[in-house]
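These protein sequence lines map, in sequence, to chains A, B, C and D.
Going by full-length UniProt numbering, the first residue of the first sequence is number 1, and it counts up by one from there.
Going by full-length UniProt numbering, the first residue of the second sequence is number 1, and it counts up by one from there.
Going by full-length UniProt numbering, the first residue of the third sequence is number 1, and it counts up by one from there.
Going by full-length UniProt numbering, the first residue of the fourth sequence is number 1, and it counts up by one from there.
Every residue gets a Cβ at the ideal spot worked out from N, C-alpha and C, and that includes glycine.
Heads up, the thing below is written out as structure tokens.
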Amino acid sequence: MQTYSFDQKHIIHIPTEKALTTENLQVFYGDNHAMHDASLEFPRYRITALIGASGSGKSTYLRCLNRMNDAIATVKGKIIYRDTNINSKKINVYEVRKHISMVFQRPNPFAKSIRENITFALRRNGIKDKQELAYRVENSLKSAALWDEVKDDLDKSALALSGGQQQRLCIARCVAMKPDILLLDEPASALDPISTAKIEETLKELRKSYTIIIVTHNMQQASRIADYTAFFHMGHVLEYDKTEKIFTNPQIKATEDYISGNFG
Amino acid sequence: MGVLLAGCGSNSASSSKKSSSSSNVKITAVGSTALQPLVEQAASDYQKDNSKVNISVQGGGSGTGLSQVQEGAVTIGNSDIFAEQQSGIKANKLVDHKVAVVGMTPVVNKGVGVKNLTMAQLKGIFTGKYKNWKQVGGKDLKINVVNRVSGSGTRATFEGAVLEGAKAIKTQEQDSNGTVQKIVSTTPGTISYLAFSYVNSKIEAPSVNNVKPTDQNVENNKWKIWSYEHMYTKGQPNAATKKFLNYMNSSKVQDSLVQKLGYISIHDMKVQKNASGAVTTK
Amino acid sequence: MEGIKSETEDKLKMDGIKKELRNPSKATHQDYFGKAISYICITLVGCLVLSILYFITTRGVATFTENHVNLWAFLSGTNWNPGMLDSHGQPEVGALPMIVTSFCVTVLAALVATPFALGVALFMTEISPQKGTRFLQPVIELLVGIPSVVYGFIGLSVIVPLIRHAFGGTGFGILAGTIVLFVMVLPTITSLSIDSIRSVPMYYRSASLALGATRWQTIHKVVLRAATPGILTAIIFGMARAFGEALAVQMVIGNATLMPHGLLTPSSTLTSQLTTGIGNTTMGTLPNNALWSLALILLLMSLVFNVLVRFIGKRGSMKNEFKSCK
Amino acid sequence: MNSKAANNVATGVIYLLVTAVVGILIFLLGYILITGVPHVSIHFITSAAESFRAGGGIRDQLFNSLYLLVLTLIISFPIALGSGIYLSEYAPHNWFTGLIRTAIEVLSSLPSVVVGLFGYLLFVIKFNLGFSILAGAIALTFFNLPLLTRSIEESLEDVPNLQREAGLSLGLSRWKTITGIVFPAALPGILTGIILSAGRVFGEAAALIYTAGQSAPTVSYTNWNPFSAASFLNPMRPAETLAVHIWKVNTEGVTPDALQISSGASAVLIVVILLFNLAARFLGNWAFKKMTAAK
């Protein structure tokens with residue numbers, strides 16, 4: 001395996017409004033230094049893709065952004081959201097996650113009905129009004145492009161849906177919470193091309209109202225949907241730029257090798 | 001007797017002014033599992049006329065009964081043995097109330113071919129001197145001795161009357177009359193001993209020194225293997241407890257209930273026995 | 001939904017969110033509450049365990065501290081008659097026969113029951129889940145509720161005569177005890193094994209079958225391997241039940257404090273001695289303390305078993321790898 | 001070919017083992033039912049026990065068994081649930097947690113008479129509960145906790161971690177995630193634990209002799225005031241359960257029909273346990289479906 005220098009980096013600053021910023025983010029699993037010094041800025045109402053080989057630290061990084069790594073890792077550095085460093089013990093993580101929501105690699109609907117999957121968290125957050133709930137169910141399912149397929153079966157178990165439908169339900173579940181930022185961890189990796197295409201459509205729609213950060217190992221996917229792309233390698237962010245620049249004119253050797261398939 | 005039976009069947013006999021002096025007394029009797037049914041039934045009858053008294057009768061074993069009454073944790077300690085015979089009990093602190101007499105008899109499996117045993121033979125069997133029924137006049141069959149649990153009242157009585165200080169052989173030990181009855185009736189060549197009331201048609205109770213195990217023979221001490229059932233209190237009992245103990249001793253209980261449960265009334269006894277086993281005529 | 005909004009409105013919202021981020025919310029309180037409850041419960045359980053362990057230990061140790069019985073004599077002696085003194089004026093408290101018998105009965109019962117329990121568990125999970133859950137499971141769970149006395153009496157009326165006819169002797173002994181205990185621990189081991197086998201994810205099986213493995217290879221190499229820790233827990237609980245059982249065993253094992261010479265001679269377990277003797281002794285006296293010492297030994301043996309089974313189970317267990325992401 | 005043969009042999013062995021177990025089950029249940037059912041009648045179930053005459057029933061004992069079970073579950077289930085949640089969700093993976101687990105498992109091997117005596121000295125005497133259903137229920141809690149805690153813990157752990165992450169990522173508190181998502185998914189496994197421990201409550205005798213007592217005073221089934229001494233709901237009254245009753249008539253019973261009572265009571269007990277298990281499964285499945293919309 002070819003080794004690349006970690007000293008050479010090309011990371012741009014975002015000229016437009018920033019939804020989320022990390023400064024010198026580092027992650028340790030015990031003694032294992034899994035993420036070095038990641039400083040990135042994420043633009044508002046844009047899709048940012050995080051790419052890199054397996055084990056490059058992109059998922060680890062993503063999971064830090066809404067503090068899902070708290071229980072298993074030590075995270076150092078700053079995560080700035082709304083002028084606030086949310087990587088701090090004083091911060092209420094549950095509030096963080098209401099604003100920064102996450103969709104996982106494997107679809108994980110609750111073992112409940114389709115409707116309950118969406119309303120469960122809403123009701124726990126104090127939304128009791130039936131009309132409001134029904135409105136949110138319909139709206140979120142529509143924005144996840146699932147409404148037409150399930151509108152007659154809302155009380156059926158979510159587990160009876162296909163994998164692609166389940167994943168879109170998980171997206172709808174997040175959207176219903178009206179978060180600010182959507183984090184997606186390889187949301188289409190377990191799905192077939194048709195489902196993948198649907199999810200990509202959905203994301204393009206959601207981009208109008210949400211900031212989206214997506215981890216993907218599929219470079220075509222990144223080039224199709226992302227406005228910005230960050231390249232991760234062995235726990236370092238080596239390059240971050242507009243997507244078309246990354247794919248047409250990468251500044252770093254490692255990035256170039258990775259996207260041209262000469263990696264490793 | 002008729003009065004008692006009538007009392008059993010109806011719940012109406014509640015208007016009684018006798019107990020009005022004491023409000024809601026609680027009496028707890030704990031100990032001997034053998035004595036428990038008698039006291040429980042008597043207590044239940046007694047409470048029908050004394051609704052202010054609440055009597056709870058439980059088992060747990062004679063040792064438990066004696067140690068708990070000694071500590072003052074319960075009102076009455078039911079025991080199969082004299083407090084003097086139990087190690088760790090200060091007998092002089094306790095007051096003995098004898099409420100019944102229980103006769104015990106050796107029992108054998110049908111088919112050992114023995115109708116009578118001498119006391120010496122019995123001793124020989126339980127000390128391991130005889131190993132085969134042939135040696136005591138029975139069939140050619142191995143003797144299987146089932147003893148009772150050491151420390152139990154039954155065993156203390158039996159060993160006191162039969163073994164005269166000799167040491168019993170190490171063998172099977174069972175702690176309940178029911179189990180012994182079952183084992184003796186199903187296992188060939190088995191001998192053990194039981195309270196009279198547990199002898200049934202499936203097992204054989206041989207006579208000893210040609211004396212048959214009957215209530216009459218116990219009453220005049222021709223049959224030597226018997227003991228008292230005791231209810232101990234710590235010091236003199238209080239008024240309510242004393243009243244209940246008097247009831248236990250009354251002919252209402254002694255002449256009917258005691259006999260129905262297979263005991264011998266203490267009123268019928270022509271002799272008395274003390275803690276060291278010495279028998280005197282009354 | 002949100003689109004572009006005026007700057008002031010956005011600023012107001014932002015301040016609100018900032019505040020929310022810094023302050024505890026309902027969710028935080030819920031979590032404190034939940035954590036508190038679960039900590040209280042585990043503390044309570046811990047206290048219960050500690051209190052009963054303390055209780056048994058203090059009483060069990062009294063034999064050696066107050067009555068000055070030699071620990072080694074207690075563990076290696078073969079004469080049990082706590083009420084009597086031997087020729088040297090020492091109390092006869094040799095617990096070895098009971099220790100050996102308890103050990104034999106428990107291990108044998110668990111050894112015999114485990115293959116049967118696993119067979120039934122595999123049948124109900126891998127071969128015929130439909131029939132299995134519909135009929136077998138309720139019936140097996142039924143067995144737990146049958147009182148020991150009933151097991152004892154069935155053992156006494158069926159198994160003891162059977163052994164007597166087949167092998168001679170009285171029929172009472174470790175063999176009879178093992179058979180009765182085998183039936184008694186079967187439901188515990190089976191039920192808990194079923195749960196642990198069921199929890200092996202379906203895709204493990206699919207993956208293995210897809211690779212061309214036969215059903216047995218899948219069961220043997222994948223399912224059982226993955227379920228090992230749970231099955232071991234099941235065996236531990238089964239053995240625990242066998243250890244603690246008294247009323248049934250005491251009826252069929254003969255209950256004689258003799259060193260067992262084979263599986264057919266009457267002998268006595270720690271528990272049956274304890275149960276028969278405890279009601280006839282007085283608290284604080286040597287015979288009573290000696291019985292508590294038996295209970296203490298029972299606990300220690302159970303502890304050793306537990307640790308041993310866990311140790312064996314650690315080798316070849318894959319559970320830790322599955323749950324690494326937790 | 002070899003592996004195929006092994007497969008067939010193994011399947012055969014499993015069938016053989018299952019057949020053997022089924023045989024044992026049929027024999028056991030058949031034995032109990034055949035010896036017992038002829039003695040069961042409406043009169044037997046609805047009349048009080050007799051201590052020396054034939055013809056006594058098991059009404060009070062039957063009720064006591066059920067009541068004791070309910071009380072025991074009310075006490076032990078919440079504690080076991082809380083501890084199970086702790087062990088599966090909060091407990092750090094260290095030696096201390098291992099120690100707690102081992103201690104709980106060792107506890108379950110205690111002979112019931114030890115737990116009974118402990119309960120007697122502590123609850124009946126020290127805490128002055130007297131011989132009572134309550135004391136019995138607390139003593140049985142000692143029995144139940146190990147198995148119940150363990151089976152709740154295992155059931156919770158079997159719920160995939162993805163479910164927890166889903167809940168947490170929506171901003172739900174851990175507690176809500178556990179109670180609202182993980183617990184319903186774990187319900188079937190938890191139910192097994194409840195049924196097994198309920199079985200032990202039904203079948204336990206030795207521990208109850210010293211705590212709940214072995215007498216069944218006459219109670220009124222029309223008195224619904226749980227604080228009245230004569231009420232059947234009073235948790236402070238002594239109560240002989242069916243298993244204790246079976247033990248009593250078998251060991252010291254002097255009624256002429258002791259054997260019949262014992263076999264009849266055993267048969268009734270089995271039927272009651274069966275009904276309880278089926279009802280518990282039914283209710284559990286219903287709740288599971290309700291909570292998970294599983295069809």
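Under 7 Å from the C-beta of N306 of chain C: neighbouring residues of chain D = Under a criterion of Cβ atoms nearer than 7 Å, the residues of chain D adjacent to N306 of chain C are, in order, T102, E105 and V106.
How about the segment 222-231 of chain B and the segment 28-47 of chain B: do they share at least three Cβ pairs that are nearer than 8 Å?
-> Taking one beta carbon from each stretch, the segment 222-231 of chain B and the segment 28-47 of chain B have 3 or more pairs nearer than 8 Å; the two touch.
Please compile the residues from chain C whose C-beta is within a distance smaller than 7 Å of the C-beta of V149 of chain B.
-> Those are T276, G277 and N280, listed as they occur along chain C.
Residues of its chain near K115 of chain B, where Cβ-Cβ distance is below 6 Å and the 5 sequence neighbours each way are ignored = Hits under 6 Å: P206.
Distance between R115 of chain A and L154 of chain A (C-alpha atoms, nearest Å) | Spanning the two alpha carbons is a distance of roughly 5 Å.
Interface residues of the segment 49-60 of chain B facing chain C [CB-CB below 9 Å] | Sequence-ordered contacts of the segment 49-60 of chain B with chain C read G59 and G60 [C-beta pairs closer than 9 Å].
At least one CB of chain A closer than 7 Å to the CB of I85 of chain D: is that the case?
-> Nearest CB-CB separation between I85 of chain D and chain A: not below the 7 Å threshold.
Alpha carbon to alpha carbon, how far is S21 of chain B from L283 of chain D?
-> Low confidence applies to S21 of chain B: its pLDDT is 41, below 50, so where it sits in the model is not reliable enough to give any reading.
Alpha carbon to alpha carbon, how far is I270 of chain D from G145 of chain C?
-> If I take the Cα positions, the gap works out to 7 Å.
Could you spell out where the beta strand (DSSP E) holding T211 of chain A opens and where it closes?
-> Membership of T211 of chain A in the beta strand (DSSP E) is indicated by the continuous run T211 to V215.
8 Å contact criterion, which G264 of chain D and F44 of chain D should meet: CB distance rounded | Indeed they touch by this definition, with Cβ atoms about 6 Å apart.
List the residues that DSSP assigns as beta-bridge partners of L40 of chain A.
-> Bridge pairing for L40 of chain A: A:T22 [DSSP].
Give the residues of chain A in contact with R22 of chain C, contact being defined as C-beta atoms less than 8 Å apart.
-> T84, K90, I91 and N92, listed in chain order.
Nearest-angstrom beta carbon gap, G130 of chain D and S56 of chain B [assumed within contact, 8 Å] | That belief holds up - the Cβ atoms of S56 of chain B and G130 of chain D are roughly 7 Å apart, short of 8 Å.
With 16 other CB atoms within 10 Å as the buried threshold, where does Q85 of chain B fall?
-> Its Cβ being crowded by 16 or more others within 10 Å, Q85 of chain B is buried.
In chain B, which residues lie less than 7 Å from A283 of chain C when you measure between Cβ atoms?
-> Before going further, note that residue 283 of chain C is Met rather than Ala in the sequence given. What M283 of chain C touches in chain B, judged by beta-carbon distance under 7 Å, is S67, going in chain order.
Can you tell me the Cα-Cα spacing of L136 of chain C and V112 of chain C, whole angstroms?
-> C-alpha separation (whole angstroms): 19 Å.
Segment contact, 8 Å Cβ cut-off, at least three pairs: the segment 167-178 of chain D with the segment 100-107 of chain A | Yes, the segment 167-178 of chain D is in contact with the segment 100-107 of chain A.
Just mark E164 of chain B as buried or exposed, buried being the case when its beta carbon has 16 or more other beta carbons within 10 Å.
-> Note on E164 of chain B: under 16 other CB atoms within 10 angstroms of its CB, so exposed under the neighbour-count rule.
Alpha-carbon spacing of S209 of chain A relative to I181 of chain A, whole angstroms = Looking at the two C-alpha atoms, the distance is approximately 9 Å.
Residues of its chain near K142 of chain B, where Cβ-Cβ distance is below 7 Å and the 5 sequence neighbours each way are ignored = If you ignore the 5 residues before and after K142 of chain B, its C-beta comes within less than 7 Å of the C-beta of K131, N132 and G189, all in its own chain and listed in chain order.
Of all Cβ atoms in chain D, is any one closer than 7 Å to the Cβ of M234 of chain A?
-> For M234 of chain A, the answer is no, since every Cβ of chain D falls outside 7 Å of its Cβ.
Of all Cβ atoms in chain D, is any one closer than 7 Å to the Cβ of residue 324 of chain B?
-> Only positions 1 to 282 of chain B appear in this structure, which leaves residue 324 of chain B out of reach.
Span separating the alpha-carbon of I76 of chain B from that of S151 of chain D | Just so you know, the alpha carbons of I76 of chain B and S151 of chain D end up roughly 43 Å apart.
Quick one: what does DSSP say T202 of chain A is sitting in, helix, strand or coil?
-> In the three-state reduction of the DSSP assignment, T202 of chain A falls in the helix class, which pools H, G and I.
Considering E40 of chain B, what are the terminal residues of the alpha helix (DSSP H) in which it resides?
-> First-last of the alpha helix (DSSP H) with E40 of chain B: Q36 to D49.
S113 of chain A - partner residues in DSSP beta bridges | By DSSP's assignment, S113 of chain A forms a beta bridge with A:S157.
Taking the C-alpha atoms as reference points, what is the distance between S223 of chain A and K204 of chain A?
-> Their backbone Cα atoms lie some 12 Å apart in a straight line.
Same chain, Cβ closer than 8 Å to Y46 of chain B, neighbours up to 5 away in sequence not counted = The answer, listed in chain order, is V53, I55, F244 and Y247.
My understanding is that R22 of chain C touches I246 of chain A, with C-beta atoms under 8 Å, so please give their C-beta distance in whole angstroms.
-> Approximately 36 Å separates the beta-carbon atoms of R22 of chain C and I246 of chain A; this is outside 8 Å, ruling out the contact.
Using the Cα positions of G55 of chain A and V223 of chain C, report the straight-line distance between them to the nearest angstrom.
-> Cα atoms of G55 of chain A and V223 of chain C: separation of roughly 29 Å, rounded to the nearest angstrom.
Straight-line gap, N221 of chain B to T257 of chain C (C-alpha atoms, nearest Å) = Separation of N221 of chain B and T257 of chain C (C-alpha to C-alpha, rounded to the nearest whole angstrom) is 34 Å.
Just reading off the beta strand (DSSP E) that W80 of chain C is part of, what are its end residues?
-> The continuous beta strand (DSSP E) containing W80 of chain C extends over residues W80 to L85.
Run through DSSP, which three-state label would G55 of chain A get?
-> Reduced to three states, the DSSP call for G55 of chain A is coil.
Looking only at C-alpha atoms, which of D:L122, D:I125 and D:T179 sits nearest to D31 of chain C?
-> The shortest Cα separation from D31 of chain C among D:L122, D:I125 and D:T179 belongs to D:T179.
Coarse secondary structure for S21 of chain B, derived from DSSP in three states = With a pLDDT of only 41 at S21 of chain B, under 50, the local geometry of the prediction cannot be trusted, and the value read off the model is given with reservation. Correct three-state label for S21 of chain B: helix.
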